[in-house]
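Since the structure comes first, as structure tokens, the remarks are kept for the end.
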Amino acid sequence: MSTWLLTGGAGYIGAHVLRALRAAGHDAVVLDDLSTGRPERLPDDVELLRTSLLDPDLPAVLTGLVARRRVDGVVHLAAKKSVPESVAMPLHYYEQNVGGTVAMLRAATAAGIGRVLYSSSAAVYGETGAEPVAEDQPTLPTSPYGETKLAGEWAARRHAEAAGLRWAALRYFNVAGAASPELADRGATNLLPLVLRAAETGEPLSVYGDDWPTPDGTCLRDYVHVEDLAEAHVAAARVLLDDAAPSPGALNVGRNEPTSVLQVVAAVERVQGRPVPHRIAPRRPGDPARVVADASRIATVLGWRATRGVDDMVAPPRRH
Ligand SMILES: NC(=O)c1ccc[n+]([C@@H]2O[C@H](COP(=O)([O-])OP(=O)(O)OC[C@H]3O[C@@H](n4cnc5c(N)ncnc54)[C@H](O)[C@@H]3O)[C@@H](O)[C@H]2O)c1
24 MSTWLLTGGA GYIGAHVLRA LRAAGHDAVV LDDLSTGRPE RLPDDVELLR TSLLDPDLPA
84 VLTGLVARRR VDGVVHLAAK KSVPESVAMP LHYYEQNVGG TVAMLRAATA AGIGRVLYSS
144 SAAVYGETGA EPVAEDQPTL PTSPYGETKL AGEWAARRHA EAAGLRWAAL RYFNVAGAAS
204 PELADRGATN LLPLVLRAAE TGEPLSVYGD DWPTPDGTCL RDYVHVEDLA EAHVAAARVL
264 LDDAAPSPGA LNVGRNEPTS VLQVVAAVER VQGRPVPHRI APRRPGDPAR VVADASRIAT
324 VLGWRATRGV DDMVAPPRRH
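Be aware that the sequence shown starts at 24, since it is given in this note's numbering, and climbs by one per residue.
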């Protein structure tokens, strides 16, 4: 059994990673400032360190933690994640996401924690034009959010090489679904919560452009179920714990399965049996037409592949 420090563990993805690590027999401690996270997502027996990564006391908090409990590695999920907000507040995103990652790397290393699993994003690729996109494609992010995720990944890689840490970065494609209703994504900017809200309220969903060079004219994305994504973290943790294996480095987490906005709308209508009112709006600048993962490297390096499809992501989550 190993113990992982989950920054951002009270968030949508972090809470699923926590659940999957524990189900696989690992233990976890959460560090979260609860800026977007929710403590009710955490089981009662999980320790929560309620602090910001940018708190000057962070090194003392991590040193104190390591003095009390063994910590094998950090899963660094804590970040701000809204693309439009990052366009409006770029310095806030650089401060939180890049500054937060640098502070976490420094404090974790000072506390003697030797493994880092970094939450990266398909947003690091931007408009490469490659489909599917592999990890060795150029990274040309089109938003401040994507830039901060890439800068954080660079900092993690360079620091890991210099300080002798073991590291991996998982580049998540479009994450959707939930293991249970309490763990669902409350974020207003991801497509699936917006589609579900339109179905619930009758307020039409805006579909940004139906004249893209795609089969139905709407943007194509590669959706991955959050429980599959959480299992990818468990697989990465296993390889990071094996000191004889090379560090995995950057890995796409996707399905190599393009799905259009209108196909997501149709899936919700079919699976949930209710209409999704929607209207076509102008294209948004910076939205790439197609973002689809080449998911072959993660299958080779971690032995992971997704087992759930879009219908599983749009189905109402089970109650436990
Ligand atoms: N949701 C997606 O589709 C997606 C896709 C690609 C990458 N990611 C990345 O996954 C990670 C988790 O995303 P999520 O969807 O769970 O978002 P989320 O907002 O639900 O979770 C982020 C968590 O980090 C915490 N946090 C933020 N800033 C902090 C700080 N300075 N100090 C301490 N805690 C802080 C928040 O309170 C929250 O609990 C992020 O790094 C995000 O960039 C998400």
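Ideal Cβ placement from N, Cα and C applies to all residues, glycine included.
For clarity, every value in this text was computed on a predicted model and none was experimentally measured.
- Within the chosen limit of 6 Å, ligand 1 does not reach the beta carbon of Ser105 with any heavy atom.
- Residue environment analysis places Asp68 among the exposed positions, since fewer than 16 neighbouring C-beta atoms fall within 10 angstroms of its C-beta.
- Remark: the C-beta of Tyr195 is in contact range of ligand 1, defined as less than 6 Å to any heavy atom.
- For the pair of segments examined, the region 195-215 was found not to touch the region 158-177: the number of CB pairs separated by less than 8 Å stays below three.
- Under the three-state reduction of DSSP, His182 is assigned to helix.
- Taking 3 residues as the minimum length, the beta strand (DSSP E) runs contained wholly in the region 68-149 are 71-73, 96-99 and 138-144, in order along the chain.
- Relative to ligand 1, Gly122 has its C-beta separated by 6 Å or more from all heavy atoms.
- Following the DSSP letters along the chain, one finds Pro216 inside the alpha helix (DSSP H) bounded by residues Leu214 to Thr224.
- Under the Cβ criterion (8 Å, minimum of three pairs), the region 309-327 counts as touching the region 153-163.
- Looking from the CA of Val94, the closest CA among Leu206, Ala290, Lys103 and Val139 belongs to Val139.
- In the three-state reduction of the DSSP assignment, Asp266 falls in the coil class, being assigned neither a helical nor a strand state.
- Ranked by Cα distance from Arg293, the first of Val257, Arg306 and Asp335 is Asp335.
- Rounded to the nearest angstrom, the Cβ distance from Ala51 to Gly32 is 7 Å, consistent with a contact under 8 Å.
- Here the region 239-246 makes contact with the region 282-289; the two share three or more CB pairs at distances below 8 Å.
- Setting aside the 5 residues that flank it on each side, Arg189 is surrounded in the same chain by Arg138, Leu263 and Ser270, each with a C-beta closer than 6 Å to its C-beta; the list follows chain order.
- Secondary structure at Ser319: helix, using DSSP grouped into helix, strand and coil.
- Separation of the CB atoms of Ile36 and Leu252 is rounded to 7 Å, and the pair is thereby assigned contact status at 8 Å.
- Within the model, the alpha-carbon separation for Ala312 versus Leu274 is close to 22 Å.
- Sorting Ala47, Leu65, Ala46 and Leu28 by C-alpha distance to the C-alpha of Thr86 places Leu28 at the top.
- By the Cβ criterion, the region 105-115 is not in contact with the region 221-237, since fewer than three pairs of Cβ atoms, one from each stretch, lie closer than 8 Å.
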